[in-house]
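Working notes, structure below.
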Amino acid sequence: MATATPEQTTSQRAEVVLDVIRTRRVVRSFTDEPISDADLRTILEAGRWALSAGNRRINKFLVVQDPKRIRLVRAVSPGMLARPTALIVILTDTEKAAREQVQLDKDLNTWIDVGTAAQNMSLMAHALGLGSCPATSFSRSGVAAALALPPTMLPEFILQLGHPAPQQRVMRPGASTRLPIDALTFWERVGQPLPRR
Amino acid sequence: MAEKMVVSEDEAYELLAHLVASAEICTFEPHYYGTFRLIDAASRLMDCMLRHGSNGSRAWLEAFKQEVDQKKVWMMWDREGYFQFLREATGKVAEALKQREGLAEPASTAR
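Spelled out as structure tokens, the structure:
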């Protein structure tokens with residue numbers, strides 16, 4: 015795993031981080047090799063350090079490695095195309111949310127926190143040489159039943175993890191590719207393009 | 355037509371759960387995701403068929419499943435290519451069905 019050392023310059027460190035961000039891809043094909051506990055803990059550590067609105071920390075992580083349980087979750091999660099060897103399910107702890115006076119039905123920040131944790135964990139998985147794939151298309155009631163979740167824990171996001179198997183991405187000639195930064199960004203005012211370098 | 359069983363009871367339950375869950379999430383996802391859920395369910399069915407099926411149509415099924423799995427994900431970044439694939443896919447299944455029923459036209463008359 016690439017980690018920043020005191021000797022590294024800021025630009026070297028930025029390059030390491032950008033490289034991890036840029037080379038991460040969704041992985042939808044995994045081998046049967048299990049993920050080590052050490053790697054899982056490192057991924058969870060990355061999730062723990064994600065930014066959180068108001069530092070309220072209303073999310074919990076549930077690790078699932080039991081193949082039967084994973085199969086059950088996959089059955090009620092149409093967004094799970096892969097057959098992962100581990101899952102990290104991001105939950106909302108509604109009791110903690112109530113203590114923090116979070117209005118879950120109105121406060122969109124709660125979704126942002128799920129996203130930041132998921133992104134951190136996905137990047138860390140990639141940095142460890144593992145593959146990950148997000149799943150948000152799942153039945154809430156189905157996943158709650160499959161994982162025997164208490165009613166106070168709401169499943170928000172499933173991160174599928176595993177050792178990547180070779181996968182071939184077939185693209186149609188002429189298919190669109192990732193948007194360039196110019197197509198995503200305005201400068202100072204909406205409608206105003208980035209200045210030329 | 356051969357009447358060999360190609361889906362076990364466990365697999366059928368998994369497919370059942372997948373279809374019911376798909377129906378649920380189709381209530382809030384973009385409409386075209388519904389097509390994706392169906393073609394993905396077809397892939398999952400082919401998974402079972404390949405596990406238990408006879409050798410007769412295995413080569414066709416393997417090739418078609420591979421094509422489905424490669425092209426279904428175009429829905430996320432090449433929607434026109436994905437829709438075009440869907441428009442062509444049914445014809446391929448129909449040809450395979452005809453083959454199984456012994457109704458395939460001789461090569462000279464096939465369109």
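One line per chain: the protein sequences are R and A, in this order.
So for the first sequence, this note's numbering puts the first residue at 15; every next one is plus one.
So for the second sequence, this note's numbering puts the first residue at 355; every next one is plus one.
Glycine included, C-beta positions come from ideal geometry on N, C-alpha and C.
Nothing here was measured: the structure is a model prediction, and the numbers come from that model.
Proximity of Pro92/R to chain A, defined by a Cβ-Cβ separation below 9 Å, is satisfied. Contacts between Ser362/A and chain R, judged by CB atoms closer than 7 Å, are missing: the closest CB pair is about 13 Å apart. Gln181/R sits in coil when the DSSP states are folded into three classes, being neither helix nor strand.
When Arg71/R, Ile84/R, Arg36/R are compared, the shortest CA-CA separation from Ala159/R is found for Ile84/R.
Neighbours of Phe152/R across chain A, judged by C-beta separation under 8 Å: Ala375, Ile379. When rounded, the separation of the alpha-carbon atoms in Val204/R and Ala52/R is 45 Å. Approximately 15 Å separates the beta-carbon atoms of Ala67/R and Asp107/R; this is outside 8 Å, ruling out the contact. For Ala89/R, the residues of chain A that pass the 7 Å Cβ criterion are Glu368, Ala371, His372, in the order they occur in the chain. Within chain R, the residues placing a beta-carbon under 7 Å from that of Gly435/A are Arg186, Ala189, ordered along the chain. Look at Leu198/R: its C-beta is not under 9 Å from any C-beta on chain A. Contact residues of the region 154-176 of chain R toward chain A are Gly156 (C-beta to C-beta distance below 7 Å).
Arg391/A reaches chain R at Pro92, counting residues in chain order whose Cβ is nearer than 8 Å. With contacts defined by Cβ atoms closer than 9 Å, Ser146/R and Leu105/R do not form a contacting pair.
Residue-level contact check: Gln182/R touches chain A, since one or more beta carbons of chain A fall below 9 Å from its beta carbon. The region 387-402 of chain A makes contact with the region 423-430 of chain A, as at least three CB pairs between them are under 8 Å.
A straight-line Cα-Cα distance of about 17 Å links Ser397/A and Ala377/A.
Residue pairing of Met167/R in beta bridges, as defined by DSSP: Asp107/R. Apart from sequence neighbours up to five positions away, the residues of its chain that approach Arg88/R with a beta-carbon distance below 6 Å are Met94, ordered along the chain.
Non-local beta-carbon contacts of Glu59/R in its own chain, meaning distances under 8 Å to residues more than five positions away in sequence, involve Met138 in chain order. When rounded, the separation of the alpha-carbon atoms in Gln424/A and Arg192/R is 18 Å.
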